[in-house]
Amino acid sequence: MYSDPKPSFSFLILLFLCLQPLIFSLSTDALPPPTVCIIGSGIGGSSVAHFLRHYFHPSPSQPRPPNIKIFERSYVVGGRMATVSIGGETFEAGASILHPKNYHALNYSNLLGLKVKPPPASEDDDSMSLGIWDGKKFVFKTLQVDSKFPLVQKIVSYVNSFRIFFRYGFSLVKMGSFVESTVDSFLKYYESPEKRPIFETVDEMLKWAGLYNLTTQTLQDELIGIKLSPLLIEELVTVSITSYLCLYCFKLNGSTCSGVANKPSLCCIVKVITRINYGQSVYISGLAGAVSLAGSGGGLWAVDGGNWQMASGLINSSDVSLHLNEEIESISYLGEYYELNSTKGNSYSCEVAVVATPLDEVNIQFSPAVSIPERKLQHTHATFVRGLLNPAYFGLRTVAEIPELVGTLEDPDLPFTCISVLKQHDENDITYKIFSREPMSDALLDSIFSARLQTNRINWGAYPHYKAPELFAPFILDGQHLYYVNAFENAASTMETSAVAAENVARLILSRYLSEASLQSSNLQSFSPDADVSHFDL
């Protein structure tokens, strides 16, 4: 009689016992995904999260991607990218400008479907006026014309361009070459990951791109070395210090920078000479100065609605657990993991911890202590005023005589570094943006303005106080898995440089903790400073 052969119960038990060691081995080989805790939700922290997701590849030992937590002490993401509302309109209040070769930012915008701020209606509007103020008078002022005829505007543009060239000569061309050379070196950071090492120190990273020497001497020394005229350095490289930001805000809200008949327009020349955006003088390090000059090629842009949307979009697309209004007050290494404690009384365990905010003005206690070079943040006070400037303050008779962009010479007694027009609503109602190194009191503003309808003040701990030669904190703070994205800020501080540093840190985490790639920087010499006197313990 035929019977359907079925495995007996005892046979199944025997089979299970035989396979149990193999099953146990497979289950233990697959490690649980690590938790990565990131402190800071600006462009640095959000970029680390993005690149951790982008570069992670499952492996038999680590089939699942890391869990990512981001902690932000504010109630909104974005860090030093923020906007301000004046009269129902939105303007950039923090990090404002992006260069056409900021490829990470461009990729973010495309990936997230963000809209680039549209260009002005007329690409040939070269009528923007510039004045250089020394506290008593305008030492230089471009011609102004109140004409809507394009031919008249072009003639005035040619005249102004000739006046600027006559005053500063071929030094403008030399400065452009200096900037272009620096940008070309920086572009090495966009080469494919297979061609780029993973760097444990900022020194290694800069030396590989040929940028390190620029951090060892001042911008002034660099410009003197390429034989720029002293007049150009004194008047236009140092002019307004932050005029670049002022110019850019004006440009996005009503003017443009274009060439006329293949000759540099006034605006394009101004873009070469009003570049320094670090609130400091030409005594900053050469690389920081070169980066601040790097908008001379035109095509500057921003994200419509605010650059902070890049950070927000990256966080939303990276499967992140976001903790807003939660400040981390201590990070302790407990052998196999880090314990993070917040001001809310919560504790979090993380195998990897990433600091993506400047340590200069936060009170994070580290155990054991970590040592980094001492530095100070340069504060920039942004004051937004809707009202009308007082022409008498500038020794003029009418508001129309005041240039749309007022830059200042390097003088600590001057109360502001630049004033620019953001938007003109009508003849007696204009929104302005003012940068200063100190807060502007109501009494001071009342002397500069004849009328003020609305005033907003923001104090930014914007960037390091640069001083050549620069010393750099390491990307790895403790030799384990505590990382510091903002170590790169001592080289230069922009949205894009933060993204470049974050990409390197993400690759460093994956190569060291998850063994996703070999550490390619092992054949490079480490140039970490040895002198303890230049460091302080946190």
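Residue numbers -25 to -1, 1 to 513, in mature numbering (1 follows the signal peptide of the UniProt record, and there is no 0), belong to the letters of the sequence shown in order.
We put the CB at the ideal spot given by N, CA and C, even for glycine.
Predicted, not measured: the structure shown is a model, and the values here were computed from it.
query: Proximity of V460 and V330 at Cβ, strictly below 8 Å; result: yes
query: Supposed contact pair F359 and K408 - C-beta distance, whole angstroms, cut 8 Å; result: 6 Å
query: Straight-line gap, N77 to W283 (C-alpha atoms, nearest Å); result: 16 Å
query: Residues that K44 bridges to, as DSSP identifies them; result: C12, S296
query: Residues sharing a beta bridge with I173, DSSP; result: According to DSSP, which records beta bridges pairwise, I173 is partnered with nothing at all.
query: Beta-carbon proximity of P439 to S411, cut-off 8 Å; result: no
query: A24 vs L289 beta-carbon contact at 8 Å; result: yes
query: Closest residue to M415 among N403, I433, Q399 (Cα-Cα distance); result: I433
query: Among G53, G261, D335, I377, nearest to H354 - alpha-carbon criterion; result: D335
query: Contact under 8 Å by Cβ, E385 with S256; result: yes
query: C-alpha gap between G274 and H298, whole angstroms; result: 36 Å
query: Short Cβ contact (8 Å threshold) for V327 with H456; result: yes
query: Classification of A477 by the beta-carbon crowding that lies within 10 angstroms, buried from 16 upward; result: buried
query: Nearest neighbour of D424, chosen from L364, G454, Y30, Q128 [CA to CA]; result: For the sequence presented, residue 424 should be read as Phe rather than Asp. The shortest Cα separation from F424 among L364, G454, Y30, Q128 belongs to L364.
query: Delimiting residues of the beta strand (DSSP E) encompassing G362; result: 352 to 364
query: Simplified DSSP state of L241, which is helix, strand or coil; result: Legend: pLDDT at L241 = 35, less than 50; position of this residue unreliable, no value from coordinates given.
query: Pick from G62, S22, S49 that is closest to D294, judged by C-alpha positions; result: S22
query: Sub-8 Å separation of G54 and G17 beta-carbons; result: yes
query: Reduced DSSP secondary structure (H/G/I, E/B, other) of L289; result: helix
query: Secondary structure of G264, DSSP reduced to three states; result: helix
query: Separation of P366 from S422, as counted between CA atoms; result: 10 Å
query: Given L380 as reference, the closest of N188, V266, F137, L118 once Cα atoms are compared; result: L118
query: Rounded straight-line distance, which links the Cα of R171 to that of Y164; result: 7 Å
query: Burial state of V266 (16 or more Cβ within 10 Å); result: buried
query: Sub-8 Å separation of residue 514 and F174 beta-carbons; result: Here the chain covers residues -25 to 513 and nothing more, so residue 514 does not appear.
query: Own chain partners of I208 with C-beta closer than 7 Å, once the 5 adjacent residues on each side are dropped; result: Q195, L198, V257
query: Ranges of the beta strand (DSSP E) found wholly within the stretch 395 to 432, counting only runs of at least 3; result: 404 to 411
query: For T191, three-class secondary structure by DSSP; result: coil
query: DSSP beta-bridge partners of K116; result: G106
query: Collapsed DSSP secondary structure at A448 in the structure displayed; result: coil
query: Given L162 as reference, the closest of A269, S287, Y83 once Cα atoms are compared; result: A269
query: Y308, buried or exposed, once every other Cβ within 10 Å from all chains shown has been counted against 16; result: buried
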